[in-house]
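So the sequence shown is numbered by my numbering: it starts at 5 and just counts up by one.
Written below as structure tokens is the structure these notes are about.
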Amino acid sequence: MKAIRKNYDNIDKPVGPYVHAVKHNNLLYLSGLSAFGSLAQTQTIEFQAKEIFKQIEKIAKVEKSSLKNIIKVTIFVTDFERVDELRTTLFEIYKENLPASSLVQVNKLFHPDLKVEIEAVVAV
């Protein structure tokens, strides 16, 4: 089966040479999403994470899936000092549907306001 490259009208257009997601078989691989361009852009890591998961949820709904079908996330943060607050937010979002996860601290993201970027793999 071939890979299907997709962009979604219900979230902001990609700002670089990539697509929002690539669908292959029953998996949807999401590019890194951030709060860039949203009201959460200048807010805390918790608010930025909530905004990102709203975007993931919008994409999942288009694909007739949901947040409970997230099977893997890679989370990039600029400051490990705020990770406890982020984890609390993630538990609220995931509920009992915890995904596999990687957490990586990076020096910076593509805009200085951004504190977190999240990639996800969703079963569809």
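Glycine included, C-beta positions come from ideal geometry on N, C-alpha and C.
(message) Assuming V120 is part of the alpha helix (DSSP H), what are its boundary residues?
(response) Here residue 120 refers to the residue found at position 116 when the sequence shown is read from its first residue. No alpha helix (DSSP H) holds V120; the beta strand (DSSP E) holding it covers V120 to A127.
(message) Check for me: the beta strand (DSSP E) holding Q109 runs from which residue to which?
(response) Locating residue 109 in the sequence shown gives position 105, counting from the first residue. Q109 -> beta strand (DSSP E) spans A104 to Q109.
(request) Say whether chain B places a C-beta atom closer than 8 Å to the C-beta of Q52. (result) Of the protein chains in the structure, only one exists, and it is not chain B.
(request) Going by CA-CA distance only, name the one from H28, I15 and E123 that's closest to K6. (result) Here residue 6 is taken as the residue at index 2 of the sequence shown, counted from 1. Answer by Cα proximity: H28.
(message) Output needed for F80: all residues of its chain with C-beta closer than 6 Å, excluding positions within five of it in sequence on either side, in chain order.
(response) Locating residue 80 in the sequence shown gives position 76, where the first residue counts as 1. Cβ neighbours of F80 beyond the five flanking positions: V108, V110 and E121.
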